[in-house]
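Student: There's a structure below that I have some questions on.
Protein chains: 2
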Amino acid sequence: MQRARIFRLESYLDHLAELKLAGRTTVTSEELAGRVGISSSRVRQDFIYLQVEGKPRSGYEIGELEMLLYSELDLLHEKGMVLIGCGNLGRALIFSGIWEHSGFSLKAVFDNQASVIGSVVNGLTVRHVRELHSVVRSEEIVAGCLTVPAIAAQGVVQMLIGAGIRGIWNFAPTEIKAPAGVVVENQRLEQGLMTLSFAMKETRAAPIRPDLENYVHDASSS
Amino acid sequence: MQRARIFRLESYLDHLAELKLAGRTTVTSEELAGRVGISSSRVRQDFIYLQVEGKPRSGYEIGELEMLLYSELDLLHEKGMVLIGCGNLGRALIFSGIWEHSGFSLKAVFDNQASVIGSVVNGLTVRHVRELHSVVRSEEIVAGCLTVPAIAAQGVVQMLIGAGIRGIWNFAPTEIKAPAGVVVENQRLEQGLMTLSFAMKETRAAPIRPDLENYVHDASSS
DNA sequence: ATCGAACCGTTAATCAATTAACAATATATG
DNA sequence: CATATATTGTTAATTGATTAACGGTTCGAT
Chain L
329 MQRARIFRLE SYLDHLAELK LAGRTTVTSE ELAGRVGISS SRVRQDFIYL
379 QVEGKPRSGY EIGELEMLLY SELDLLHEKG MVLIGCGNLG RALIFSGIWE
429 HSGFSLKAVF DNQASVIGSV VNGLTVRHVR ELHSVVRSEE IVAGCLTVPA
479 IAAQGVVQML IGAGIRGIWN FAPTEIKAPA GVVVENQRLE QGLMTLSFAM
529 KETRAAPIRP DLENYVHDAS SS
Chain F
329 MQRARIFRLE SYLDHLAELK LAGRTTVTSE ELAGRVGISS SRVRQDFIYL
379 QVEGKPRSGY EIGELEMLLY SELDLLHEKG MVLIGCGNLG RALIFSGIWE
429 HSGFSLKAVF DNQASVIGSV VNGLTVRHVR ELHSVVRSEE IVAGCLTVPA
479 IAAQGVVQML IGAGIRGIWN FAPTEIKAPA GVVVENQRLE QGLMTLSFAM
529 KETRAAPIRP DLENYVHDAS SS
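See the structure below:
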């Protein structure tokens, strides 16, 4: 699973930022492994894949690692993105800080409701979807964020693809179809809930709370 | 990876609902496999794990499968949940349809901003977080949805755990710590964006759009 | 300058997940 | 009723991912 590696790389980035903040300049495979919850050899193998070299007694350079991770995930190359669907979820994303170092830059926002068109959301004016095609073409947009109701999703996908987009971040709770060559990343929130439901099934007879001291790092996120 | 199976089960549910809507009552492992993008033997093994039996020429009963999937994921047993952080994202979730058949029922909403406390969001009155403890205790709440800023996350986690909660659905873009026995499901939206960024790196030189006919099912979601 | 510990890089071993293969069985057809 | 066929249940083979093991290097200590 290639996907598993990507998740690990993202996780490394997280922890490296934290270490850097603490003033550290190097880190060993052992330490990172402990934080992420995997074996140190896994970490070393990932770093070989990234073609970064460590030194026998000090470990790996944090700055160098960050650089390579950014480059591997293509986070420095800011790609133009548009968002379609300016409802509650759309607005939440527009206002959120996720766009920093994400590899994307939000360039325009669309909707089809007269009530929101023309309003300004976090500095971006909401436009009518009929302008989608021309904006995508003229502003070098390569990806779209889909926060419309499920029923409208496939229609908007068609428009996006027709305009030449190559990637879709889909929040609509439905499976969308796209031609080969167009990357679809689904963010199905319901699945997160269901997964939690399943996981809690096992924990039914939970012990009485231990003291807050013995908290452990959460390793369930990967 | 147990997680991979859970994702498949959720995916089966999706497609079964679609088939049911189309009037179908049975489905073969082959057909489901084609839809989900895996091998038919994988599907059959999952169904053996669910202890459902198929018939040699007709396949599996859709209704029976749905029942067993619901039961396996514990989606029928509605567990009480609270949401903390009534910002844009919180509101989006409160208004969204994800709670249907999710295994959870949203019972109360909290914030610490005077400007939103007391307001009614989709039928739920926003309360001050200081009431969190007593509400969790008195209304049999077992899980919490965290939509607060990263800086506030760990503090709220402490409150939730102190109140006796056993599961956390975390949207805060930070790693939170919880004692063993408390399930944490992280919904890191930035990771979705980064993954898309990586995936698009490979598609740089995309071919000219093929016609819309040869769309294929997206198999990248698992 | 030599020793020894800490850590990397790499290869081998283990473990897990997926797919392939096929005998068993129920149903449809004539 | 007999035969053909689609599809299951199950076991074996394969593939992939993870961990373990260990020789090789650097660096600090004596």
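These protein sequence lines map, in sequence, to chains L and F.
As numbered in our numbering, residues 329 to 550 make up the first sequence, in order.
As numbered in our numbering, residues 329 to 550 make up the second sequence, in order.
The C-beta atom is built at its ideal place from N, Cα and C for all residues, glycine as well.
Bear in mind that the values here come from a model prediction, so they are computed numbers and not experimental data.
Name, in chain order, the residues that DSSP records as bridge partners for GLU389(L).
Tutor: In the first sequence, the residue the question calls residue 389(L) occupies position 61. BP columns for GLU389(L) point to THR354(L).
Student: Leaving out the 5 sequence neighbours to the left and right, which residues in its chain are closer than 7 Å to LEU347(F) when beta-carbon positions are compared?
Tutor: Locating residue 347(F) in the second sequence gives position 19, where the first residue counts as 1. Around LEU347(F), the same chain offers VAL355, ILE390 as residues with beta carbons nearer than 7 Å, after the five sequence neighbours per side are excluded.
Student: Here's a check: name, in chain order, each residue in its chain whose Cβ is nearer than 8 Å to the Cβ of GLU400(L), leaving out the five neighbours to either side.
Tutor: Along the first sequence, read from residue 1 onward, the residue named residue 400(L) stands at position 72. If we look at GLU400(L) and ignore the five residues flanking it on each side, its Cβ neighbours are LEU337, LEU378.
Student: Give a yes or no on whether the C-beta atoms belonging to VAL410(L) and ALA471(L) are separated by under 9 Å.
Tutor: Here residue 410(L) is taken as the residue at index 82 of the first sequence, counted from 1. Here residue 471(L) is taken as the residue at index 143 of the first sequence, counted from 1. For VAL410(L) and ALA471(L), yes; Cβs fall inside 9 Å.
Student: Ordered along the chain, which non-local residues of its own chain (more than five positions away) have a Cβ less than 7 Å from that of LYS435(F)?
Tutor: Residue 435(F) sits at position 107 when you count from the first residue of the second sequence. For LYS435(F), where only same-chain residues beyond five positions count, the Cβ hits under 7 Å are GLY408, MET409, VAL410, GLU467, ILE469.
Student: Could you name the residues of chain F that ILE334(L) contacts, counting a contact when the two beta carbons are closer than 9 Å?
Tutor: In the first sequence, the residue the question calls residue 334(L) occupies position 6. Under the 9 Å cutoff, chain F gives GLN519, MET522, THR523, PHE526, ALA527.
Student: With GLY495(L) and MET528(F) assumed to form a contact (beta carbons below 8 Å), what rounded beta-carbon distance in angstroms separates them?
Tutor: Position 167 of the first sequence, counting from 1, holds the residue named residue 495(L). Position 200 of the second sequence, counting from 1, holds the residue named residue 528(F). So it is a contact: roughly 5 Å between Cβ atoms.
Student: Drop a sphere of 10 angstroms on the beta-carbon of ARG385(F), count the other beta-carbons inside from all chains shown, and report buried for 16 or more, exposed for fewer.
Tutor: Along the second sequence, read from residue 1 onward, the residue named residue 385(F) stands at position 57. The residue is exposed, with fewer than 16 neighbouring Cβ atoms inside 10 Å.
Student: At a Cβ threshold of 9 Å, is LYS407(L) touching chain F?
Tutor: Numbered from 1 along the first sequence, position 79 holds the residue referred to as residue 407(L). For LYS407(L), the answer is yes, since a Cβ of chain F falls inside 9 Å of its Cβ.
Student: So the beta strand (DSSP E) HIS383(L) belongs to, where does it begin and stop?
Tutor: Taking the first sequence and counting its residues from 1, one reaches residue 383(L) at position 55. With the sequence shown as reference, residue 383(L) is identified as Lys, and His is not the correct amino acid for it. Looking at the DSSP string, LYS383(L) is not in any beta strand (DSSP E), and its letter there is neither H nor E.
Student: Under 6 Å Cβ to Cβ from GLY362(L), same chain only, skipping five residues before and after it: list those, please.
Tutor: By one-based count along the first sequence, residue 362(L) stands at place 34. Within the same chain, no Cβ atom closer than 6 Å to the Cβ of GLY362(L) is found once the five residues on either side in sequence are excluded.
Student: Does the Cβ-Cβ distance between LEU524(F) and VAL510(L) come in under 9 Å?
Tutor: Taking the second sequence and counting its residues from 1, the one referred to as residue 524(F) is at position 196. Taking the first sequence and counting its residues from 1, the one referred to as residue 510(L) is at position 182. Against a cut-off of 9 Å, the Cβ pair of VAL510(L) and LEU524(F) comes out as no contact.
Student: State yes or no: is the C-beta of VAL552(L) within less than 9 Å of the C-beta of ILE426(L)?
Tutor: The requested residue 552(L) does not occur in the structure, where chain L is confined to residues 329 to 550.
Student: Mind checking who VAL364(F) pairs with in its DSSP beta bridge?
Tutor: Position 36 of the second sequence, counted from the first residue, corresponds to residue 364(F). Bridge partners of VAL364(F): none, in fact.
Student: If we define contact as Cβ-Cβ less than 9 Å, is PHE432(L) a contact residue for chain F?
Tutor: In the first sequence, counting from the first residue as 1, residue 432(L) sits at position 104. Yes, its Cβ sits closer than 9 Å to a Cβ of chain F.
Student: Are the Cβ atoms of VAL476(F) and LYS505(F) separated by less than 9 Å?
Tutor: In the second sequence, the residue the question calls residue 476(F) occupies position 148. In the second sequence, the residue the question calls residue 505(F) occupies position 177. Cβ distance not < 9 Å, so VAL476(F) and LYS505(F) don't count as in contact.
Student: When the Cα atoms are used, what is the spatial distance from SER369(L) to SER357(L)?
Tutor: Taking the first sequence and counting its residues from 1, one reaches residue 369(L) at position 41. Taking the first sequence and counting its residues from 1, one reaches residue 357(L) at position 29. Taking the straight line joining both Cα atoms gives about 7 Å.
Student: Please list the terminal residues of the continuous alpha helix (DSSP H) segment that includes LYS529(F).
Tutor: By 1-based counting over the second sequence, the position of residue 529(F) is 201. That run of the alpha helix (DSSP H) goes 517 to 530.
Student: Return the chain-ordered list of same chain residues with a C-beta closer than 6 Å to the C-beta of GLY413(F), the five sequence neighbours on each side being excluded.
Tutor: In the second sequence, the residue the question calls residue 413(F) occupies position 85. Hits under 6 Å: THR475, VAL476.
Student: THR531(L) versus chain F: which residues are under 7 Å apart at the beta carbon?
Tutor: By one-based count along the first sequence, residue 531(L) stands at place 203. Here the neighbours are ARG494, GLY509, VAL511.
Student: DSSP three-state call for PHE432(F): helix, strand or coil?
Tutor: The count along the second sequence starts at 1 and reaches residue 432(F) at position 104. Residue state, collapsed to three classes: strand.
Student: Quick one: what does DSSP say ALA500(L) is sitting in, helix, strand or coil?
Tutor: The sequence position of residue 500(L) within the first sequence is 172, counting from 1. DSSP places ALA500(L) in coil when its eight states are reduced to three.
Student: When you compare each of ALA332(F), LEU341(F), SER424(F) to GLY451(F) by their alpha carbons, which one comes out closest?
Tutor: Position 123 of the second sequence, counting from 1, holds the residue named residue 451(F). Nearest of ALA332(F), LEU341(F), SER424(F) to GLY451(F), Cα basis: SER424(F).
Student: Of all the options ALA508(F), ALA500(F), LEU521(F), which has the alpha carbon lying nearest to the alpha carbon of GLN515(F)?
Tutor: Translated into positions along the second sequence, residue 515(F) becomes position 187. The option with the nearest alpha carbon to GLN515(F) is ALA500(F).
Student: Since PHE335(F) contacts GLN519(L) with CB under 8 Å, what's their CB separation in whole angstroms?
Tutor: For the purposes of this step, residue 335(F) is taken as residue 7 along the second sequence, with counting starting at 1. For the purposes of this step, residue 519(L) is taken as residue 191 along the first sequence, with counting starting at 1. The pair is a contact, with the Cβ atoms about 7 Å apart (cut-off 8 Å).
Student: State the start and end residues of the unbroken alpha helix (DSSP H) segment that holds GLY490(F).
Tutor: Position 162 of the second sequence holds residue 490(F). Note, GLY490(F): alpha helix (DSSP H), 478 to 490.
Student: Apart from the five residues on each side of it in sequence, which residues of its chain come closer than 8 Å, Cβ to Cβ, to SER367(L)?
Tutor: If you number the first sequence from 1, residue 367(L) lands on position 39. Contacts found: ALA361.
Student: Can you give the beta carbon distance from MET522(L) to LEU344(F), rounded, assuming they're within the 8 Å contact cut?
Tutor: Position 194 of the first sequence, counted from the first residue, corresponds to residue 522(L). Position 16 of the second sequence, counted from the first residue, corresponds to residue 344(F). Not quite, the Cβ-Cβ distance comes to about 14 Å (not below 8 Å), so this is no contact.
Student: Taking Cβ to Cβ, would you say GLY492(F) is nearer than 9 Å to ARG465(F)?
Tutor: For the purposes of this step, residue 492(F) is taken as residue 164 along the second sequence, with counting starting at 1. For the purposes of this step, residue 465(F) is taken as residue 137 along the second sequence, with counting starting at 1. Yes. Within cutoff.
Student: Assign GLU530(L) to one of two classes, buried (16 or more other C-beta atoms within 10 Å of its C-beta) or exposed (fewer than that).
Tutor: As a first step, residue 530(L) is located in the first sequence; it is residue number 202 there, counting from the start. Label assigned to GLU530(L): exposed.
Student: So, PHE526(L) versus GLY431(F), is the Cβ gap smaller than 9 Å?
Tutor: By 1-based counting over the first sequence, the position of residue 526(L) is 198. By 1-based counting over the second sequence, the position of residue 431(F) is 103. Yes. Within cutoff.
Student: DSSP on GLU400(F), reduced to helix/strand/coil?
Tutor: For this step, residue 400(F) is matched to residue 72 along the second sequence. Helix, per DSSP.
Student: Looking at chain L, is there any beta carbon in it that lies within less than 9 Å of the beta carbon of ASP342(F)?
Tutor: Mapped onto the second sequence, residue 342(F) falls at position 14. Chain L contact via Cβ: present.
Student: In whole angstroms, what is the alpha-carbon distance linking VAL457(L) and ASN416(F)?
Tutor: For the purposes of this step, residue 457(L) is taken as the residue at position 129 of the first sequence. For the purposes of this step, residue 416(F) is taken as the residue at position 88 of the second sequence. Take the alpha-carbon of VAL457(L) and the one of ASN416(F): they are about 22 Å apart.
Student: Please tell me whether LEU295(F) and LEU397(F) are closer than 9 Å, where the distance is taken between their beta carbons.
Tutor: This structure leaves residue 295(F) out entirely; chain F is present only between 329 and 550.
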